[in-house]
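According to the UniProt record's numbering, the stretch in the sequence shown is residues 1 to 286, in order.
This report refers to the structure that appears directly beneath it.
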Amino acid sequence: MVLDQQALEIALQTVTQQLSRSKLPGLQDIGELAIYLFDSLSSTNQTLWELLDRGTPPPTVVIAAQQTAGRGQWGRQWQSEQGGLYLSLALTTNVEASNSAQLTMCSAWGIATALRCYGIPVLIKWHNDLLLLGYKLGGILTETRLSQGQITKAVIGVGINWSNPVPETGINLQSFFATQPMSPSVTSLEMLAAIVIQGLRSGYHYGLESGIDNLRLSYQRLLFHQGVSIQVNGHRGIVKGVTSTGDLRVSVNSAQAMDTNADTIISPEIHLKPGTISLGYSQDLP
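Following this line, the structure appears as structure tokens:
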């Protein structure tokens with residue numbers, strides 16, 4: 001069932017007021033934000049790109065009640081059944097192509113921080129997942145258009161589990177609220193959409209206004225695997241955070257840094273690009 005346009009507009013106003021009281025960094029006025037609502041789409045990202053190609057200016061939002069061919073990171077399929085939030089936001093940007101992962105960093109931090117303003121203890125699983133109680137609550141897919149080495153347009157796709165069925169590694173907000181002693185802080189899918197929209201916009205503008213290094217430090221405070229021991233190419237390492245370009249920083253034990261069975265020396269701190277390693281969930285931690 002498609003979201004209610006009037007309810008979403010009201011939710012955007014009330015959410016913006018609440019996030020302003022919570023002093024969410026980078027928060028933007030609603031302004032001239034175009035929002036398109038659909039019952040079913042193959043992909044919100046794809047539809048938004050088509051709108052942009054027809055001349056629709058950013059910032060623009062597309063929301064669908066379900067997706068029939070939702071896309072996740074690295075070409076994976078994103079299960080997009082009725083009951084979830086499937087949303088894409090288009091932005092005009094001026095980010096270097098080599099720094100494209102910064103857009104996902106900003107988005108993840110913004111959404112997580114906005115949800116935390118509502119008492120939902122969301123953390124970030126590097127580099128594009130949102131976790132709640134160690135289970136996957138949602139994910140982010142960033143797509144870009146380039147011109148002369150610069151990202152000129154970006155579409156940020158977000159999927160958040162509201163009441164839809166989830167796998168064993170997932171969680172939806174309705175099941176989370178059912179275990180809490182207080183009344184739910186988010187009461188509708190329209191309200192959740194408003195929080196995600198303003199979280200996305202605040203994350204991008206916070207990174208733009210304060211600098212990516214300030215956002216990076218805030219991002220690391222919400223990093224689920226921060227300080228956790230992980231296995232990298234047969235070596236044990238500790239997650240130390242992320243770089244300003246979005247790579248994962250891992251400190252390798254100095255005793256393991258010299259690989260006696262190879263001609264190479266492993267640096268005491270290595271940087272892993274998104275997609276080179278998959279981190280687990282709470283049930284996978286040692």
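Here a beta-carbon is modelled for each residue, glycine too, at the ideal position from N, C-alpha and C.
Item                                                                                              : Value
DSSP beta-bridge partners of T92                                                                  : K153
Own chain residues within Cβ distance below 8 Å of T260, not counting five before or after        : Low per-residue confidence applies at T260: pLDDT is 48, beneath 50, and the placement is therefore not dependable, though the value from the model is reported in the following sentence. Excluding residues within five positions, none has a Cβ falling inside 8 Å.
8 Å CB neighbourhood of M1 in its chain, flanking five on each side removed                       : D39, A65 and Q82
Stretch pair the region 148 to 157 + the region 96 to 104: three plus CB contacts closer than 8 Å : yes
Euclidean distance between Cα positions of N236 and I140                                          : As written in the sequence, residue 236 is Arg, which differs from the Asn given in the question. Going by the C-alpha atoms only, they are around 28 Å apart.
Contact check, D3 vs E190, beta carbons under 8 Å                                                 : The sequence as given places Leu at residue 3; Asp does not occur at that position. Against a cut-off of 8 Å, the Cβ pair of E190 and L3 comes out as a contact.
C-beta atoms of N164 and G138 nearer than 8 Å                                                     : no
Selected residue, minimal CA-CA separation from S80, among L91, A90 and T68                       : T68
Short Cβ contact (8 Å threshold) for Q150 with E96                                                : yes
For A194 and L8, the rounded distance between their alpha carbons                                 : 7 Å
C-beta contact flag for L48 and S98 at 8 Å                                                        : no
Beta-carbon separation (whole angstroms), Y135 vs G170, contact threshold 8 Å                     : 6 Å
Residue from P181, L12 and R145 with nearest C-alpha to N45                                       : R145
Cβ-Cβ separation, A112 to L222 (assumed contact under 8 Å), whole Å                               : 5 Å
8 Å Cβ cutoff met for I230 and V252                                                               : no
Beta-carbon proximity list for S202, same chain, < 8 Å, skipping 5 on both sides                  : L19, L24, P25, G26, L27, Q28, G110, T113 and A114
Extent of the continuous alpha helix (DSSP H) to which G110 belongs                               : A101 to R116
For I230, the residue or residues it bridges with in DSSP                                         : G237
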